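Peer 1: Once you've had a glance at the structure underneath, I'll fire off some questions.
Protein chains in written order, with my numbering: chain A, 46 to 288; chain B, 46 to 288; chain C, 46 to 288; chain D, 46 to 288.
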């Protein structure tokens with residue numbers, strides 16, 4: 046798996062843009078003036094406003110910022126999950142128009158398979174049979190779009206993804222959770238790492254849901270944060286004690 | 046493959062709703078009055094308004110109508126294409142939480158494979174190896190979410206899809222085209238058939254793009270309609286002749 | 046202000062549809078079988094599944110259900126807020142193509158204005174001047190689209206709105222909050238009332254955010270529910286006590 | 046009215062990004078390699094691919110590019126139209142939280158009003174009455190959110206707008222049309238001018254619908270391009286002649 050964050054903007058440009066957007070809502074000044082103002086205010090002050098706005102749940106200013114990622118060598122299982130995020134834009138390698146018979150395919154195989162010797166042997170046998178079937182079909186002129194029906198989820202794919210920051214915060218919340226499937230979680234961990242390296246102020250916003258919320262809202266909890274029902278229960282108990 | 050149109054509304058209810066929405070934009074009357082008016086106007090008159098509005102490209106009134114389809118037994122290739130339509134809602138059978146090892150799997154195999162005896166033999170050999178690998182993994186307690194990496198595109202899936210009529214017209218335009226991949230085209234032909242049976246007035250709107258537009262906008266044309274460039278060329282020639 | 050819920054489906058139809066959508070994800074059965082199954086299961090059992098799915102935050106099944114509302118006689122301030130909900134469909138009375146000079150206009154005037162005699166007098170004087178200017182312009186043939194520049198926010202408008210249930214839960218959460226502006230809150234209270242009357246099982250989901258969440262996430266809290274920060278604080282204290 | 050294009054990226058960066066996205070779909074190479082390849086290919090060659098992809102109607106690669114505009118001093122009529130574009134992000138000056146009584150308001154008044162002396166006099170009288178009512182209300186402590194009900198469409202507003210290039214092409218098509226309302230058309234003409242100045246390759250894509258399509262699809266046509274029905278008619282005649 047290989048992930049690249051495309052554009053490398055200056056962190057201050059992103060902060061300025063969100064600050065101007067936030068100020069547009071509450072200021073009498075026109076936007077030209079706000080842009081000039083943005084250049085004359087310390088960055089901490091601008092970050093304070095942005096954090097306050099985010100904290101009160103008004104996340105729309107984060108939609109003015111977008112990031113593009115190039116993701117290569119993930120399984121088709123993973124891409125099938127990924128493209129379900131309907132507020133992203135995707136450009137994905139087509140199995141209809143790409144001929145995968147030319148090179149050795151770098152199948153994606155879960156660790157749990159590697160750990161069981163016989164499972165791995167079965168996998169390898171099946172993958173050999175798959176390659177044989179696929180290559181034969183392509184060789185005799187059956188279209189790639191039909192030959193590919195034998196290709197497994199383990200087949201690698203490449204995908205270019207763009208999303209705005211608001212949606213990125215949302216999907217990071219879901220996919221960095223310990224309950225997310227391991228491969229898509231790895232993709233988001235890599236996206237998170239590169240994005241925070243370039244834009245350190247985003248660190249607190251690109252986290253699993255429980256870190257963003259302060260509690261866990263999953264039905265099964267890893268214990269990193271208390272469940273919401275626990276918070277509410279303990280709060281109610283404390284209210285009864287105080288009566 | 047099996048497709049079901051869920052709700053069976055009365056055609057007149059759909060027409061009334063779109064007529065009220067269209068009239069909301071241009072009438073001084075409030076919506077309660079418009080609803081009463083709708084009941085007292087001949088259906089042809091209401092259809093005339095709707096068709097006129099559609100013809101002038103104002104398709105938003107079609108967003109007030111939604112349809113739900115249950116689609117079973119399509120390949121994962123097909124569902125991967127389908128879920129790319131970001132204005133639809135999908136509830137899809139999960140390969141993480143469903144164990145497919147219990148029954149015989151009804152693989153989806155393209156006709157082009159059946160036509161080549163050796164291709165079919167290779168396919169069947171690969172499918173046997175896949176079933177063996179998948180079932181072994183599940184048997185020894187490897188999670189379905191990992192075992193499934195060996196499952197091929199040919200694996201069947203079920204999906205419940207909801208879309209509004211505006212988006213349905215758009216995606217029918219794309220997927221009924223002769224250039225669409227055969228399986229997803231079959232899905233849409235079945236959706237088209239059942240929807241038109243229930244709502245005959247939709248016949249002219251649930252058609253491939255070229256029928257909706259009057260010309261073909263694909264790079265490769267099947268000849269059913271002229272290409273747009275041809276229309277423009279002949280128009281220009283006629284203008285020169287008239288000079 | 047006048048609100049109408051358009052379609053009056055059977056509650057059981059909505060429940061069946063969401064149950065089938067939820068089961069699609071986790072069942073080996075095809076959707077035709079699930080639809081038959083839905084008819085043979087007690088409604089409580091189906092509701093239990095839906096509530097469990099909602100509770101774990103998987104709200105997408107609620108997107109398969111849509112409602113349409115006709116809203117008449119709200120101010121243009123209110124409609125300008127309303128149309129910001131980008132996942133709804135709107136058909137709104139046009140001030141470009143509707144001539145409002147024919148009848149007496151039923152201006153929307155806030156209660157706070159009625160309570161101050163002089164404010165009301167100023168309002169009435171301004172409204173007379175506005176009517177005079179608007180009617181003169183229309184009379185001499187200036188287009189309604191230009192004459193309307195003098196029309197105030199107090200000007201009434203009609204709008205037909207469609208949204209799916211997931212988005213409805215989201216916007217009810219925002220607009221039923223005591224911090225929402227009074228007019229749009231009234232609109233949503235009326236939508237809430239009619240929707241719950243028709244579909245009682247929706248009562249717990251069409252509530253202000255704090256009721257849906259168990260805590261308040263606004264920066265200013267009305268006291269109906271504790272703020273999230275309080276919950277977290279008391280939880281942390283209780284953890285320290287237990288050590 | 047005042048429009049600012051926010052970010053000033055290099056044109057070549059935009060072209061590279063769309064080229065990589067387009068190539069992702071049809072190439073066996075991973076995205077890292079495609080990014081390197083992009084740097085070694087002449088810009089004309091990259092533009093050729095992008096234009097070919099656009100021409101065949103596959104516009105999704107244009108969604109990877111976003112632009113932000115600051116628009117100040119437009120009427121509330123104009124902003125009410127603008128925010129109907131649901132694929133944009135908006136941060137708009139709030140009339141609830143901004144007090145407009147402090148300064149002279151720079152009302153937006155259509156030219157057609159200026160041309161009729163008495164219309165202008167009526168307008169000015171009404172605007173004076175409006176200012177008086179608004180300022181009195183704010184002075185006596187009535188909330189701005191209520192005082193504003195008397196503010197007219199002519200009231201100026203500021204708004205920060207972000208959209209991806211695909212949607213920008215779509216809304217330019219609608220709003221640059223001679224049938225669009227004059228104020229929003231001016232906004233888009235200014236957005237068009239600044240965007241093309243910075244990114245000349247976008248010139249052919251940021252045009253009214255008829256220029257993008259080659260024909261007019263409006264019900265009333267300004268004559269700049271022939272109507273689609275004319276194209277089809279002349280084509281059919283030419284086919285009959287050839288028989």
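Just so it is clear, CB atoms sit at the ideal spot from N, CA and C, and this is done for glycine as well.
Quantities reported herein were computed from a predicted structural model and do not represent experimental measurements.
Measure the CB-CB distance between residue 205(C) and residue 66(B) and report whether it falls below 7 Å.
Peer 2: Taking 7 Å as the Cβ cut-off, residue 205(C) and residue 66(B) qualify as a contacting pair.
Peer 1: I believe residue 306(B) touches residue 113(C) by the beta-carbon criterion, under 8 Å. Please report the beta-carbon distance rounded to the nearest angstrom.
Peer 2: What the structure shows of chain B is the stretch from 46 to 288, and residue 306(B) is not part of that stretch, so it cannot be assessed.
Peer 1: Note the first and the last residue of the continuous beta strand (DSSP E) segment covering residue 99(B).
Peer 2: That residue, residue 99(B), is in no beta strand (DSSP E); its alpha helix (DSSP H) goes 88 to 100.
Peer 1: Given that residue 51(A) touches chain D, what residues does it touch there, using C-beta distances under 7 Å?
Peer 2: The answer, in chain order, is 62.
Peer 1: Kindly indicate which three-state DSSP category residue 203(A) falls into: helix, strand or coil?
Peer 2: Of the three classes helix, strand and coil, the one that applies to residue 203(A) here is strand, per DSSP.
Peer 1: Determine, using beta carbons only, whether residue 70(D) comes closer than 7 Å to chain A.
Peer 2: Answer yes: the Cβ-Cβ gap between residue 70(D) and chain A drops below 7 Å somewhere.
Peer 1: Quick one: Cα of residue 228(A) to Cα of residue 127(A), how far?
Peer 2: Each residue's Cα considered, the two are about 11 Å apart.
Peer 1: Between which two residues does the alpha helix (DSSP H) holding residue 163(B) run?
Peer 2: Segment 162 to 184, the alpha helix (DSSP H) holding residue 163(B).
Peer 1: Spell out a yes or no on whether the segment 242 to 258 of chain A and the segment 162 to 178 of chain A are touching, meaning 3 or more CB-CB pairs, one atom from each, closer than 8 Å.
Peer 2: With a cut-off of 8 Å, the segment 162 to 178 of chain A and the segment 242 to 258 of chain A do not count as touching, because too few Cβ pairs lie within range.
Peer 1: Just checking my contact of residue 236(C) with residue 107(C) at CB under 8 Å: how many whole Å lie between their CB atoms?
Peer 2: Contact flag wrong, Cβ pair sits at about 16 Å.
Peer 1: Which residue or residues does DSSP assign as beta-bridge partners of residue 112(C)?
Peer 2: Its beta-bridge partners are 208(C).
Peer 1: I'd like to know whether the C-beta of residue 94(C) is nearer than 7 Å to at least one C-beta of chain A.
Peer 2: So no, residue 94(C) is outside the interface.
Peer 1: What residue from 279(D), 284(D), 285(D) has the CA that sits closest to residue 285(B)'s CA?
Peer 2: Answer by Cα proximity: 279(D).
Peer 1: Please work out which residues of its chain come closer than 7 Å, Cβ to Cβ, to residue 76(B), disregarding the five sequence neighbours upstream and downstream, and give them in chain order.
Peer 2: 65, 69.
Peer 1: Tell me the residue span of the alpha helix (DSSP H) that contains residue 233(C).
Peer 2: Residue 233(C) -> alpha helix (DSSP H) spans 227 to 243.
Peer 1: Can you grab the Cα-Cα spacing for the pair residue 82(B) / residue 221(C), in whole Å?
Peer 2: About 32 Å.
Peer 1: At a Cβ threshold of 7 Å, is residue 139(C) touching chain B?
Peer 2: Cβ-Cβ to chain B under 7 Å: yes for residue 139(C).
Peer 1: Looking only at DSSP bridge pairs, what is residue 272(D) linked to?
Peer 2: Residue 272(D) pairs with 261(D).
Peer 1: Looking only at C-alpha atoms, which of 189(A), 197(A), 144(A) sits nearest to residue 72(D)?
Peer 2: When each option's Cα is compared against that of residue 72(D), the closest is 144(A).
Peer 1: In chain B, which residues lie less than 9 Å from residue 273(D) when you measure between Cβ atoms?
Peer 2: In chain order: 258, 259, 260, 276.
Peer 1: Anything in chain C within Cβ reach of residue 203(B), meaning under 7 Å, just list it in chain order.
Peer 2: Correct list: 69, 75, 76.
Peer 1: I believe residue 47(D) touches residue 117(D) by the beta-carbon criterion, under 8 Å. Please report the beta-carbon distance rounded to the nearest angstrom.
Peer 2: Rounded, the Cβ-Cβ distance is 4 Å, consistent with contact.
Peer 1: Let me confirm a value: residue 138(A) is counted as buried when at least 16 other C-beta atoms fall within 10 Å, else exposed. Which label applies?
Peer 2: Counting Cβ neighbours within 10 Å, residue 138(A) comes out buried, since at least 16 surround it.
Peer 1: Going along chain B in order, which residues have a C-beta closer than 7 Å to the C-beta of residue 102(D)?
Peer 2: Here the neighbours are 262.
Peer 1: Between residue 74(B) and the rest of its own chain, which residues show a CB-CB distance below 8 Å, the 5 nearest in sequence each way excluded?
Peer 2: Cβ neighbours of residue 74(B) beyond the five flanking positions: 68, 82.
Peer 1: DSSP on residue 143(B), reduced to helix/strand/coil?
Peer 2: Residue 143(B) falls in the coil class under three-state DSSP.
Peer 1: Measuring alpha carbon to alpha carbon, tell me which residue in 244(D), 141(D), 100(D), 122(D) is nearest residue 152(D).
Peer 2: Looking at the Cα atoms, 122(D) is the closest of the given residues.
Peer 1: Could you confirm whether any beta carbon from chain B is found closer than 7 Å to the beta carbon of residue 244(C)?
Peer 2: No, no contact with chain B.
Peer 1: How is residue 48(B) classed by DSSP in three states: helix, strand or coil?
Peer 2: If DSSP states are grouped into helix, strand and coil, residue 48(B) belongs with the strands.
Peer 1: Could you tell me which residues DSSP pairs with residue 223(B) in its beta bridges?
Peer 2: None, per the DSSP bridge assignment.
Peer 1: Among residues of its own chain, excluding the 5 on either side of residue 245(C), which ones have a beta-carbon nearer than 8 Å to its beta-carbon?
Peer 2: Same-chain partners within the cutoff: 56.
Peer 1: Report the three-state DSSP secondary structure of residue 119(A) (helix, strand or coil).
Peer 2: Residue 119(A) falls in the strand class under three-state DSSP.
Peer 1: If you measure between the beta carbons of residue 223(D) and residue 102(B), is that distance less than 7 Å?
Peer 2: Going by C-beta atoms, residue 223(D) is not nearer than 7 Å to residue 102(B).
Peer 1: Using CA atoms only, rank isn't needed, just tell me which of 216(D), 154(D), 266(D), 142(D) is closest to residue 225(C).
Peer 2: Of 216(D), 154(D), 266(D), 142(D), the residue nearest in Cα terms is 142(D).
Peer 1: Between which two residues does the alpha helix (DSSP H) harbouring residue 78(A) extend?
Peer 2: From DSSP, the alpha helix (DSSP H) with residue 78(A) extends over 76 to 84.
Peer 1: Going straight from the alpha carbon of residue 135(C) to that of residue 260(A), what length do you get?
Peer 2: Those two C-alpha atoms are separated by around 36 Å.
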